[in-house]
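Per my numbering, the sequence shown starts with residue 1, numbered consecutively.
Ideal Cβ positions, reconstructed from N, Cα and C, are used throughout, including at glycine.
These notes concern the structure reproduced below.
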Amino acid sequence: MIAGAMKSCLKQMMLSSKKTFTIAVEGNIGSGKSTVLAYLSKSSICDIVAEPIENWTNLNGNNLL
């Protein structure tokens with residue numbers, strides 16, 4: 001679940017911005033990146049561009065992670 005302050009901030013940014021802006025989401029494993037992206041993806045005014053993880057983790061059929 002997204003903390004109330006984070007949710008409020010994201011909502012305010014999306015509703016009040018008149019210009020296009022980019023949000024990059026990065027963090028440690030389990031820090032809530034996917035949760036934030038799932039919340040943002042529910043908005044019709046937001047486009048999510050996922051990183052193609054399979055392109056940089058696959059080395060000759062072996063998963064580098």
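Item: Under 8 Å by Cβ, that's how I've got residue 14 and residue 45 pegged, so tell me the actual separation to the nearest angstrom.; Value: 6 Å
Item: Report yes if the CB atom of residue 37 is closer than 8 Å to the CB atom of residue 25, and no otherwise.; Value: yes
Item: Which value, in whole angstroms, describes the spacing of the CA atoms of residue 32 and residue 12?; Value: 19 Å
Item: Please state whether DSSP places residue 59 in a helix, a strand or coil.; Value: strand
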